[in-house]
Each structure stands twice: as structure tokens, then as C-alpha cells.
Amino acid sequence: TGMTQPSINWHLKENARDHHTSKFSSEELIVRRGQTFTITFNGAGQPEQNLTFIAETGPKPSKQAKTQATFGISSTMSTESWSAVLKSTTSSAVSISIYSPANAVIGRYKLIVQNTSSGSSSTSNLGTFVLLFNPWSSGDDVFLSNKAECEEYVLEEFGIIFAGNKHHINSFGWNFGQFQEDILNICLSMLDRSLNYRQDPATDVSHRSDPKYVGRVLSAMVNSNDDQGVVLGNWSGNYEGGKNPSSWTGSGEILQNWKKSGFRPVRYGQCWVFAAVLTTVLRCLGIPTRTITNFSSAHDADENLRVDEFYDASGNHLNKGADSIWNFHVWNESWFSRSDLGPSHTGWQILDATPQEESGGIYRCGPASRNAIKEGDIDLDYDCPFVFAEVNADCMYWNYDPTNGKKTLIFSESTVIGQFISTKAVGRDDRVDVTNDYKHAEGSTKERDVFKKARKKLGLEDKFDPTAPTPQETEQKPDISGKFKVDGTLEVGKDLNLILVLTNLTSDDKTVQVNMTAWSTVYTRKPVHEIWKDSVSVTLAPQKEKKIPIQISYNEYQERLTTDNTIQVTALCHVPGGIQVLVHRDITLDNPGIDIQVLGEAVLNKEVDVEVTFTNPIEMEVMDCVLQVEGSDLLKGILQRDVRPLKPGEKSSTKFKIIPSERGLKYLLVNFCCDKFADIKAHKMINVID
């Protein structure tokens, strides 16, 4: 069979417009499944009835595995299988509409045409195209009926990620950049570099029609554990040999670096980086996805729906045991139906690419049905017990004596974990609280019933737990209560002023020995450096409160702060004859602001100046200042500028030019770091006009 190469018109513009793929910058046809696309080619010459098409993907295409389809031209379109109908024909060219079924395997396809007439046949390779998931098609597992949500969760390249802690939620912008050059190819290489593909390429490709399979595989590939995936996690507080996790402003640079380095893991990430990269990859492939932040998030390592924390007699939070309570944790939700679980589980599914615990021997997590989490059906696939614990675990605080290994329960709480669960609003930059989609009202009977049901499903009901507190330990009531109040502002560069308020709950005088410490921590509350300690003895009159002012000066914490700007303050109160009382508070300090001004109108394909200004708010010189700027459709790649040292109170101004390449609302993201402030972030919305 001779391979004559007919010339082909892929109708890139029209097809992309119809398939919501216009934002990809590609010379290759990119379309969505469950929808027709049109091609025209010449050199057909003979009657169209004799044309047969073959669409195939993966290393060993086969009809059985649904990675190869052979179809001729029919009079009507089938929606069950690949099919083609004639649109129009001239003496030299023929236009064909090709339909792919809504459950087709996604990825890069080869399109071949065979032409048989009067006994001879010729075969020609028309080239390649990429097929993606289609949330606009009602037959697709990822179908999302709300068009505004499709725009946000598939087509929007800008996002807002929430962080900080439950007392003090802050947020920063992120450039997902799923339509940047080469990102789609990198996403497809992630699938081809997964352990599943390496073990059995043909079977792996045949499963790529299923969003839950693709989501699970990618949740493993975004972290570097097990498979040399994209991002290497680091929670040590020391980020030598890589970029500190809070300095990234978008996923594009991370994914490009991974490919450029010959697919070596990019250093370094923490939870929001893993979640943001997974958002980029899933949006790119067409699965509606968003980032979710959970405040006071439990990492329950031993599946007992309980997290244990240990403190020594001086009130130091000990880095002991595998459990922890993070100030916040960021994961993903992706929208698709669950044929494996039934219709009540269609909707948001939780995926988490941060390497916390293994699932089936690999660091990956999900998809867990959000509905299953809310109802306590934690025996359903995948990884529901871990996710359920993240938002529901009980906390136990223990006093631990390292000399003899003895531990004593200080107190336990069942309403602390899983608060202010947050995501960005559709079409706006606001925070939306989705806590009620994860659990019934805290303290309600329904919520405790769900918790009991989950414990039962994990077999925790009947088992004696030697590590659990005894009834005597949990019954005893404390004589005093305490809390930390913030007095003044929480800003890097200013002294930290707190008030410890202690209240005597009894009708006798109480003398209390108070041991206080402050440590800088990572956002996971892992202690890094001791900053301050003090101990005082106070006497409390019956039913009265006493205020103990605490001042930690900027000089004391400045050298020891991590890039997370977080400090944990604890007071362990010893009451003679009574039980110990632990008072603790996590403080997140705000960075100073930075200002972005666009000097003039932003017009398509025209240069416009942008000015970024920063004023040094502290009494010391700041050095090693670097400004980083990025923005999809505004800048190619990342702009980096060194900024000269600034004396106290001095203002710096950096000007640069951008050339907008697309019209509409675009976002410019800025990151400024120096020796005294880690990663001051800001973003600016820019409306680009014609």
C-alpha cells in the first residue's frame, strides 16, 4: 500500500472555539471527547464511501483495549462509538466531521486514513491530535452542568490559595498556567512516566478514559516519592539546594523545570505547591479541579481517628510521634461521577498529592468521595479514613517525661480539627467556606453519630487501645483555664505582644507555676528554633482572672523565624494537686505590603509600564532583595530583577514592561524577598482591551 500524503486542514481555530480549547497555544489540534470536530483533506479524489479512518493511541493500540477505533463514513453519527459523516465535498477536497465517544481514552492520537477503490488501497497518516476530558458534554464522567463553574475550574489560569491559621486566614495568588506553552505535553509525559505505565503501558493507557484513574495516578506523580515525580517535598525549614516552597508564584515554572532537568524532581514543595501543580495538570486535561484549604488539619498516621501531641514539663512542644496537627493543609477537589460507588457520590472528589501516608504502597491519596467523608462511609474507595481524620480527628495533648517515658494526659478536644475549610469563589477572589460539605455541624448529634459510625468501620469500637487515656484521666476537671490574647498587630518587623489570661475556676486561692516557651515553626507546627522562654509563679484569687503580659521583641525572633512566619507560644500551668493545664496559640505574622501600579491602559499587543514599589518598614537595612514577576498572557516566563539594599524607611521602585497577548481579565503576580522578609506576595488584576 502506497503512503500518499494528502494535505490536511485541521480547522484549528474553529475546532478550538467549539471545544473550549482556544487558550492552548499549539499548532496541533486539541479537542474534547463526546463532541464532533471537522477536518478537510485533499487527495481523496475518489468517492468518499471508500474511506476508512483509524484513530489510535498508546504504544500498542487495540480495539479490545479501546485504544484503537476503525470507522468509515456513515450517513448518521453514532454517539456510542467513533464515527464520521461527510460534511461537504468538492472535486479535490473532502470535509469530514469526526465524533469521539464521551468515554474515549484521553491523550495523543494518530489519525490514519485508508482509501480503497477498484482493487487498490492506499493508507496515509494524517498526523496527530490530542483528545481531552469534556466537562461541557453531558455524556462525560466529568460533566459539570454549571457553565460558570466550567470556566473557573477548567479554563481559569489564576487562583487564590488560603493559608495562615484559623485565627488569622490569609491568602495569596497563584498562576496555574495550564495553557502555557508545552504544559499539555508535560502533563501527558507525567502519565507516561507513572509507575502504572512503566509496569504495563498498554493497560495503563486503556484506563485513561476514567477520571478517577487519571486523578489517582497524577496524585502520585506530582510528588517525587516512589516515581521521580515532579516536586520534592521539604518541611525542614532549611531549603538549601533548591527554592524555598513559599517563593513559587505559579506551576508553569515548576513543570517546565521538571522537564528541562530531564525529569528530575524540582526542589522544594509543601502542600499548597503539590495541590497547585495537581490543579494545573487536571485542569489542563479537562477535569474540573480546585484547591481546598483545611485549617487545623490532622495528620493521623495510625488510623485511630486521634492525633496525639506531646509537651515536656517546660511547655516545649516535642517533635515526637508520627501524628501532627497542621495550621493548614491544602488538597484538591475534582468533579466527576463515581460509577464504582453510585449516583449519590457524583460530584466533588478529594485528591491529595502531598506525600503524607502511603496508599497501596505508594504516596498518593484519593479520589475520596466528599459525600462519603460527610456521612462517615469511610470504607469506600479511596483513602477515606485518612481524609476523614484530617477534618474530624480528636486531639489528645500529653505531658511526656523523657527521663522515664511516662506520659500523662493533659486534655483532649473533639471540636478543634477541620475548621474554615476554604476555596476561592467562582468568578470572584472571595473565600467560600465549604466546611458544611465535609461534616455536620460540630457538636451536633448527627456529627457524633457519623464519628461513631466511622470508628466502627475502622474496627476501633471493640478493640482495647492501650495508648488511649483512661476514664479517670478524661473525667478530671481542671482548676484553672487559660488563653492567649493578641495585643496589637501581628507583623514581621514589630515586637510580638500577647497577654496570657488565666482564670481560677474554683472557690479557693490557687498558686500556679507557669512555664512558657515560644518556638518558630513550619506551618505544619513542627518546631524549628526556640525563640523565648520564661517561667512565673502567680496566685489567683477565687473565680478571678489574672493577665500576664508577654513581649517577644523583633530582635529575639528575627534570626529564627522560618519562611512561614509562624510562632507557636505555649504555657504549661502546674497547679498543685490539680491537673496540668496547657495553653497554646499559633501565631502567623503578616509580611509588609508591596504595591503594583499599571502606568497606563493595558492594550492588546502593546507595551505598557508596570511599577512595583516597596518601603522598608523596619529600623534595619534590608539586603539581597529580589523581585519576581509572572502572569499568563502578560509576560513570557518569569521576570527576575535584583533590587538594591534599602535603608530604614527607604522606598524602592522597580519598573518593567509587559506586552499583553490576550484580551480580558489577566493577573500579574509578584513575589519580593530579601534577607529580612521571606516572600512578600501581591497580585494585580489587569483588564486588557483591544
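To convert, count from 1 in the sequence shown and add 26; that's my numbering. For glycine and all other residues, C-beta sits at the position ideal for the given N, C-alpha and C.
Cβ neighbour criterion (16 or more within 10 Å) applied to residue i
i           : result
residue 90  : exposed
residue 309 : buried
residue 720 : Because the chain in this structure spans residues 27 to 716, residue 720 falls outside the shown range and cannot be described.
residue 378 : buried
residue 393 : buried
residue 462 : exposed
residue 27  : Caution is warranted here: a pLDDT of 43 is assigned to residue 27, below 50, making its placement in the model unreliable, and no coordinate value can be reported.
residue 698 : buried
residue 682 : exposed
residue 530 : buried
residue 222 : buried
residue 103 : exposed
residue 686 : buried
residue 397 : buried
residue 390 : buried
residue 301 : buried
residue 590 : buried
residue 543 : buried
residue 375 : buried
residue 381 : buried
residue 597 : buried
residue 577 : exposed
residue 439 : exposed
residue 234 : buried
residue 502 : exposed
Contacting residues, own chain, Cβ-Cβ under 7 Å from residue i (five flanking each side not counted)
i           : result
residue 763 : Lying before the first or after the last residue shown, residue 763 is absent from the chain, which here runs from 27 to 716.
residue 626 : 634, 635
residue 662 : none
residue 701 : 648, 649, 650
residue 83  : 93, 131, 133, 134, 135, 231
residue 109 : 97, 100, 103, 125
residue 279 : 664
residue 550 : 261, 350, 352
Whole-angstrom C-beta distance between residue j and residue i, which should lie under 8 Å
i           : j           : result
residue 385 : residue 409 : 5 Å
residue 566 : residue 506 : 7 Å
residue 205 : residue 59  : Their Cβ separation, rounded to whole angstroms, is 19 Å, which puts residue 205 and residue 59 out of contact at 8 Å.
residue 595 : residue 516 : Not a contact, Cβ separation roughly 12 Å.
residue 272 : residue 612 : Residue 272 to residue 612, Cβ: 17 Å. No contact.
residue 609 : residue 509 : 6 Å
residue 464 : residue 522 : With 8 Å as the limit, residue 464 and residue 522 do not qualify as a contact, their Cβ atoms being about 33 Å apart.
Same chain, Cβ closer than 6 Å to residue i, neighbours up to 5 away in sequence not counted
i           : result
residue 190 : 196, 614
residue 368 : none
residue 80  : 96, 138
residue 496 : none
residue 306 : 202, 204, 277
residue 539 : 563, 600
residue 355 : 297, 320, 323
residue 604 : 505
residue 436 : 423, 425, 606, 608
residue 167 : 237, 362, 363
residue 35  : 66
residue 335 : 423
Proximity winner among the options, relative to residue i (alpha-carbon distances)
i           : options            : result
residue 472 : 140, 595, 681, 402 : 402
residue 187 : 447, 215, 648      : 447
residue 423 : 373, 353, 333      : 333
residue 282 : 623, 212, 486      : 212
residue 150 : 101, 241, 32, 433  : 32
residue 429 : 339, 421, 63       : 339
residue 616 : 314, 588, 182      : 588
residue 236 : 178, 169, 479      : 169
residue 483 : 141, 416, 330, 528 : 330
residue 493 : 434, 659, 466      : 434
residue 667 : 154, 440, 512, 656 : 656
Cut-off 8 Å between Cβ atoms - residues of its own chain near residue i, not counting five sequence neighbours on either side
i           : result
residue 43  : none
residue 703 : 518, 519, 617, 618, 648
residue 629 : 686, 714, 715, 716
residue 312 : 58, 132, 158, 159, 160, 161, 168, 180
residue 256 : 216, 247, 248, 249, 250, 280, 281, 284, 291, 292, 303
residue 535 : 565, 566, 567, 568
residue 337 : 343, 344, 423, 424, 425, 426, 436, 596, 598, 608
Distance cut-off 7 Å: residue i Cβ against heavy atoms of the ligand SAM
i           : result
residue 405 : The ligand SAM is not among the ligands present in this structure, which contains no ligands whatsoever.
Please specify which runs of the alpha helix (DSSP H), each continuous and at least 4 residues long, are wholly inside the segment 478-544, giving them in chain order. 497-501
For the segment 52-138, list the beta strand (DSSP E) runs that are entirely contained and at least 3 residues long, ordered along the chain. 55-58, 62-68, 77-83, 94-98, 109-115, 119-125
Note down, one range per segment and in chain order, each beta strand (DSSP E) of at least 3 residues found wholly within the segment 139-179. 146-158
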